[in-house]
Every structure is written in C-alpha cells, then in structure tokens.
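K.L.:
Residue numbers (our numbering): 289 to 439.
Quick reminder that beta carbons are idealized off the backbone N, C-alpha and C, glycines included.
Just so you know, these numbers come straight off a predicted model, no measurement behind them.
The structure is reproduced here in structure tokens:
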C-alpha cells in the first residue's frame, strides 16, 4: 500500500513539474521568437510576438545622469527591424527569472546586443506576457541600455 501511495505521489509531482516546464517553455518560445524575428528582419513575426495593445519602453540616461523613459510604437520598431539586413540585429539573452500565474507571466532577461557583428550595448529586458486565445503574447516590454558593466 505504501509503495502504491508513493508511486502515485511521485507521478503527480513529476507530471506537475513537466506541465510547469511546458508552460515555461511556451513563454520562452514567444520571447525567443521575438529575437529570431529581429535577427531575420521579419516585421510580421516580430509584431506577432506582441499583443494588440502592447507597450514598448526604454529607460535611458543622458550624459548628465537624467533618467527618462522613452515610448516606442511596435509598428515603428517592426519597421526599423524590417529595414535591417538579415543578421544585423543580434540580441543575445539569458533567461534569469520566469514567474507565471495563470494568464500572466513575468520574465527578466539580461542581454547583450550586437549590431552588424559588433557589440553595441547591454542591459536587461523586463517582459510582462499575457496568455490570450492565440497563446502567449508580450503585453509590456521595458529595457535598460548601457555600454559599461557588460559581461
């Protein structure tokens, strides 16, 4: 009897872990798709990574140390990406933190950005994703950008 209970509990734990990995992988896939689209200059695939009313922002610091948050339209970003040669925009990320609660996911990804094969800058992306009928989509993306302190 104990063996049977242990087996059932172990099976439940493994299936829960496998299900969690599947959901986490589906969140990662959307973010990876965004960066593949950037690298390929594919505006349509890039737009498909975002929800219809997504927000895209960048935190910038001027030479005097003043911090501002700059808004960017997804269509303008996609248009810029589509004009780049394939392989020109290469953002290399690592998944540091992923948290999921039902239809909401947060993802923290440090990155290094290379343009035309040369290092440009680094920083961190902070994503908020929502799971809609079509699947996970990026609802909000804000990032930092710097040239110093990059690994």
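Taking Cβ positions, are residue 432 and residue 319 nearer each other than 7 angstroms?
P.N.:
Residue numbering aside, residue 432 sits at position 144 when the chain shown is read from its first letter. Residue numbering aside, residue 319 sits at position 31 when the chain shown is read from its first letter. Not a contact, by the Cβ cut-off of 7 angstroms.
K.L.:
With three or more C-beta pairs closer than 8 angstroms as the rule, is the stretch 314–330 touching the stretch 363–382?
P.N.:
Note that the stretch 363–382 touches the stretch 314–330; at least 3 beta-carbon pairs, one per stretch, sit closer than 8 angstroms.
K.L.:
Using DSSP with H/G/I as helix, E/B as strand and the rest coil, what is residue 320?
P.N.:
The residue you call residue 320 lines up with position 32 of the chain shown. DSSP places residue 320 in helix when its eight states are reduced to three.
K.L.:
Mind reading off the beta-carbon distance from residue 362 to residue 338? Whole number of angstroms is fine, and I expect it under 8 angstroms.
P.N.:
Counting from 1 along the chain shown, the entry for residue 362 is found at position 74. Counting from 1 along the chain shown, the entry for residue 338 is found at position 50. Residue 362 to residue 338, Cβ: 5 angstroms. Contact.
K.L.:
If I measure Cβ to Cβ from residue 388 and keep anything under 7 angstroms in the same chain, skipping five residues before and after, which residues do I get?
P.N.:
Indexing the chain shown from 1 puts residue 388 at position 100. Result list for residue 388: 311, 312 and 315, in chain order.
K.L.:
In the DSSP assignment, find the unbroken alpha helix (DSSP H) run with residue 335 in it and report its ends.
P.N.:
Counting from one through the chain shown, the residue named residue 335 turns up at place 47. Unbroken alpha helix (DSSP H) run through residue 335: 331–336.
K.L.:
What residues are listed by DSSP as bridge partners for residue 410?
P.N.:
Counting from one through the chain shown, the residue named residue 410 turns up at place 122. Under DSSP, the beta-bridge partners assigned to residue 410 are 400 and 434.
K.L.:
Taking just the CA atoms, how far does residue 418 sit from residue 410?
P.N.:
Indexing the chain shown from 1 puts residue 410 at position 122. Indexing the chain shown from 1 puts residue 418 at position 130. For residue 410 and residue 418, the distance between alpha carbons rounds to 26 angstroms.
K.L.:
For residue 373 and residue 398, I'd like the C-alpha separation in whole angstroms.
P.N.:
Here residue 373 refers to the residue found at position 85 of the chain shown. Here residue 398 refers to the residue found at position 110 of the chain shown. Going by the C-alpha atoms only, they are around 24 angstroms apart.
K.L.:
So for residue 377, helix, strand or coil by DSSP?
P.N.:
As a first step, residue 377 is located in the chain shown; it is residue number 89 there, counting from the start. In the structure shown, residue 377 sits in a strand (DSSP, three-state: E or B).
K.L.:
Residue 349 by DSSP, collapsed to three states: which one?
P.N.:
Position 61 of the chain shown, counting from 1, holds the residue named residue 349. Residue 349 falls in the strand class under three-state DSSP.
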